Each structure stands twice: as C-alpha cells, then as structure tokens.
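These notes concern the structure reproduced below.
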C-alpha cells in the first residue's frame, strides 16, 4: 500500500560539518553514534566502524530499527558528512544532529531535511 | 583545508522506490548491494544486514572506502529507500542506482542528487 498523500515514512537529515573534534578517533565516533541514537529516541541495532589509518578518517554507521545514522570524516580537511535517517513519529533526528555537532565541536556548513517515501 | 569553491567531496544520490522485487529477502539484498558497489566502481569494506522478520523489511548497508550505500525496505508497502553516497571522481553512483532498481523491479518515485561537502 502506498502512503497516503500526507504521509511520509521517514525524515532524512543531511548535514555537512566543519569540525574541530575527534574526526580520526573511531572509539569516540562510536560513543557519539550511540549517544546520537539515544537522543533521537531510536533503537540501535549495531554500530560498524572503519578507520582508514592513523590520522585518517573514519566511517561509522549506526544501523537502527528506524533506518540509520552515518558519519564519514576527513580529519585532514576538518570536515564530516552526517546522515540521520529515521522513521516513526517518535524519532527526533534534530536531537541526534545536535549530539554529533557537540561531540565534533562542529559548525554546520549545510543542513538539508528530506522527507523520505512520501509525496515529493 | 576546506575544499576549493568548485570542489565537492562526494555525490549523494537519494532515491525512493516503488518496488515489486525481493524486499523481504536479505540474501538477495546482500547480492544487490555487492553488485551495486561493483557497478559504482567503489571498494566494498563490508555489507551489514538486518531482517525484521518473515515477510518484513530489511536494512542493508554497504560500507565503502568511498562512503556508503544503504537500502531500507518496506515489503508491506512495496517501498524502498536507497542512498548511494560516494566520493572520488571515478565513482559512478547512477550505475549503482540502476543495479538496485533492476534487482528490486522498481520504479523511481523520487531521485535527488546532493553534492556533499562542497559549497552549497
């Protein structure tokens, strides 16, 4: 069944950040993702992390019962790309973004809110 | 170092699909993600899958050296949400989307191409 005209299945916050925080530290990014999921009031299934080497970036994905949160970091440029895609009326993606912004000591360069799977 | 004015670090394709294909089959979604990464000419780090139960949806994420590809499915609605976020001039996100569209026997309801970490 397609969603009704005024229904959406999820909200996807896209944010590009200029960050002074621990962009090359997978343990701190893992903690950040766990706290972001809690702030968003979603159920965390697992966090997966890849660190591309000393002083290099980290890819971190939190798989959620309500979709995902991802962070990709470029410490050499002090940049991070964040996606917070959450479904359900109870979820609070903006709270997750604020947790991530604070952990990374970041300024939001760009923020885009995309309704997913509703009418465009 | 911030990117130059005309530089972007990645392209993020967002696509919402109406799909007749195997939205409740994690093994087929895993194969699809592997083939999508190959089509995009990116390096796959790992695929993680969660199946929410018989006849229910799947969350699948392909972690890439160049960011990620994710699929969330709702078989009860015949809908899927796809994200293809790839960095590097060699990557071809559209080719990955076409692989996913074909695997899921899908129509693209909405497609949005977001440059990441460049100037808005």
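Residue numbers (the numbering used here), protein chains in the order written: chain A, 6 to 125; chain B, 6 to 125. Glycine is no exception: its CB is placed at the ideal position from the N, C-alpha and C atoms. The model shown is predicted, which means the values in this text are computed figures rather than measured ones.
Just reading off the beta strand (DSSP E) that residue i is part of, what are its end residues?
i, result
"residue 116/A", "111-121"
"residue 53/B", "49-56"
On the three-state DSSP scale, how would you describe residue i?
i, result
"residue 89/A", "strand"
"residue 12/B", "coil"
"residue 33/A", "helix"
"residue 84/B", "strand"
"residue 71/A", "coil"
"residue 38/A", "helix"
"residue 7/B", "At residue 7/B the pLDDT is 49, less than 50, meaning the model places this residue with poor confidence and gives no usable figure here."
"residue 45/A", "coil"
"residue 125/B", "Its pLDDT being 48, under 50, residue 125/B is placed unreliably by the model, and the measurement read from it follows with that caveat. Coil, per DSSP."
Quick one: Cα of residue i to Cα of residue j, how far?
i, j, result
"residue 78/A", "residue 29/A", "7 Å"
"residue 75/B", "residue 86/B", "8 Å"
"residue 53/A", "residue 66/A", "5 Å"
"residue 110/A", "residue 13/A", "32 Å"
"residue 114/A", "residue 37/A", "19 Å"
"residue 120/B", "residue 16/B", "5 Å"
"residue 20/B", "residue 33/A", "31 Å"
"residue 112/A", "residue 22/A", "6 Å"
"residue 104/A", "residue 89/B", "24 Å"
"residue 43/B", "residue 107/B", "15 Å"
"residue 80/A", "residue 98/A", "24 Å"
"residue 84/A", "residue 62/A", "10 Å"
"residue 70/B", "residue 118/B", "20 Å"
"residue 31/B", "residue 60/A", "35 Å"
"residue 26/B", "residue 82/B", "12 Å"
"residue 91/A", "residue 51/A", "15 Å"
"residue 122/B", "residue 18/A", "14 Å"
"residue 102/A", "residue 72/B", "19 Å"
"residue 55/A", "residue 45/A", "23 Å"
"residue 94/B", "residue 35/B", "25 Å"
"residue 49/B", "residue 100/B", "15 Å"
"residue 1/B", "residue 47/B", "In the structure as shown, chain B starts at 6 and stops at 125, and residue 1/B therefore has no counterpart that could be examined."
Over what stretch of residues does the alpha helix (DSSP H) that includes residue i continue unbroken?
i, result
"residue 104/A", "98-108"
May I ask you to list the residues that DSSP assigns as paired with residue i?
i, result
"residue 24/B", "111/B"
"residue 17/B", "90/B, 119/B"
"residue 65/A", "54/A, 76/A"
Could you work out which residues of chain E lie near residue i, taking near to mean beta carbons separated by less than 9 Å?
i, result
"residue 93/B", "Included in the structure are the protein chains A and B, with no chain E among them."
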